[in-house]
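Written below as structure tokens is the structure these notes are about.
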Amino acid sequence: MPLISEEPQIPESAQGPRVTSAAGRTAPTPRPVPGPRSAATPRPGRPGPARPAPPAQRVHPAPAAPAAPVPPRPQPAENRSAPQLQLIPAPAGGALDAADEAVDLLLDSGRAPGDILVLTTGEPHPWTAHELSFGEAAYWAQHETADDVFFAQASAVDRAASRPVVVVAVNGGSDEAVARALPVARRRASTLLIVCGDPQTMSSALGAGV
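Below, the structure is given as structure tokens:
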């Protein structure tokens, strides 16, 4: 008859987990404990993009103070200043030569030929007489071109256009004709007016204090 032990036999599979066995077997790896999941981390098993994080709270800036009105800029005043006046004393017989010399000095200083208009109160300049021989149309066409010095009689000053420099040769003519021509020549000159002639005649024609 077999002997029956009084201690109950415990099956090996019912025993608890072993840390290390004598034969060197390792215990099963413990399951990791999940940590806190942020809102941007997708849930396991849910396809699709990560859940967006809640938008940050918008901060509305304070309304800017209204800018002060900018006053309009004043418009520049039109330049109506009189041209510079230069008087060259010369007798009536030498006024034309003095005017030619003045033109030569202007050209030598760099003044463009088309900037100069020469007027004579007496006999016309030889250039004027020569060009008028081809007809007035061709003569005044050169004035319109404005690419060279133009010579004209003071009686035609109303027809002449303004130029930066006007040279007047008081080489004759009545006092009344000179008195009418010089103020108009002064208005035709935008920068410089040169008058060659008798100082007393020029002063009386241009006005006192000249």
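According to the working numbering, the sequence shown is numbered sequentially starting from 853. Glycine included, every Cβ here is placed at the ideal spot set by N, Cα and C.
Inter-residue spacing [alpha-carbon to alpha-carbon] between residue i and residue j
i	j	result
Asp956	Gly962	10 Å
Ala1031	Ile940	17 Å
Ala942	Gly987	32 Å
Val1036	Asp1027	15 Å
Val1047	Glu983	23 Å
Ala964	Glu953	15 Å
Gln1005	Ser985	15 Å
Ala1029	Gly1049	14 Å
Trp992	Thr980	10 Å
Pro1051	Ala990	35 Å
Ala950	Asp1010	23 Å
Gly974	Gly1025	5 Å
Ala1012	Val970	10 Å
Asp960	Pro978	22 Å
Thr972	Arg1040	14 Å
Ser1118	Ser1007	There is no way to answer for residue 1118, as the model of the chain reaches only from 853 to 1062.
Three-state class that DSSP yields for residue i in the structure shown
i	result
Thr997	helix
Ser1055	helix
Thr1043	strand
Pro1016	strand
Thr980	helix
Pro965	helix
Pro941	strand
Pro923	Only weak support exists for where Pro923 lies, its pLDDT of 47 falling under 50; the value from the coordinates is given anyway. Of the three classes helix, strand and coil, the one that applies to Pro923 here is coil, per DSSP.
Cβ neighbours of residue i in the same chain (closer than 6 Å, five flanking residues each side left out)
i	result
Leu1045	Pro935, Leu937, Val1018, Arg1038
Leu948	Ala1021, Asn1023
His995	Phe1002
Leu1058	Leu1034
Ala998	Gly966
Gly876	Only weak support exists for where Gly876 lies, its pLDDT of 49 falling under 50; the coordinates are left without a value.
Contacts around residue i, its chain only, beta-carbon distance under 7 Å, and the 5 residues preceding and following it disregarded
i	result
Ile968	Val955, Leu958, Val1001, Arg1015, Val1017, Val1019
Pro976	Gln1005
Own chain partners of residue i with C-beta closer than 8 Å, once the 5 adjacent residues on each side are dropped
i	result
Gly945	Asn1023
Thr1053	Val1022, Asp1027, Val1030
Ser1042	Pro935, Ser1014, Arg1015, Pro1016
Residue range of the unbroken alpha helix (DSSP H) whose run includes residue i
i	result
Val955	947–960
Start and end residues, beta strand (DSSP E) containing residue i
i	result
Thr972	968–972
Ala934	First-last for Ala934: undefined, no H or E at that position.
Ala1004	1002–1005
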